[in-house]
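In the numbering used here, the protein residues as written are 166 to 272. All C-beta atoms in this analysis are idealised placements derived from N, C-alpha and C, irrespective of residue type, glycine included.
This is the structure:
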């Protein structure tokens, strides 16, 4: 726990240290896969997975008594919008995936 970063880093040339030329490629590949998953797959998966009677009962229960301005972190595709009562004046939505916003505009 008290070790410095240098003490934790494998020595140059050790078998546990990745070759510097491979690190950016692997990092770039992982980032690309993660970005593709988060931008193209996850919004659709959430949209389908949370489109059932059980999820709708929870939405009804949770949204029933809210009022005023709502901050929804993880807005996804806007599945909660139809469940907001008329007492909600404004929804401030936070959602990083562009595809989720595209799907939400249909609601």
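(message) Measuring straight from C-alpha to C-alpha, what distance separates residue 244 and residue 258?
(response) Taking the CA atoms as reference points, residue 244 sits about 12 Å from residue 258.
(message) So, for residue 234: in the same chain, excluding its five sequence neighbours on each side, which residues have a beta-carbon less than 7 Å away from its beta-carbon?
(response) Excluding sequence neighbours, residue 234 sits near 254, 255, 257.
(message) Helix, strand or coil for residue 203? Go by DSSP, reduced to three states.
(response) Of the three classes helix, strand and coil, the one that applies to residue 203 here is helix, per DSSP.
(request) Under 8 Å by Cβ, that's how I've got residue 224 and residue 248 pegged, so tell me the actual separation to the nearest angstrom. (result) 4 Å
(message) In the DSSP output, which residue or residues are listed as bridge partners for residue 233?
(response) Residue 233 pairs with 253.
(request) Go ahead and label residue 250 buried or exposed: buried means 16 or more other beta carbons lie within 10 angstroms of its beta carbon, across all protein chains shown. (result) exposed
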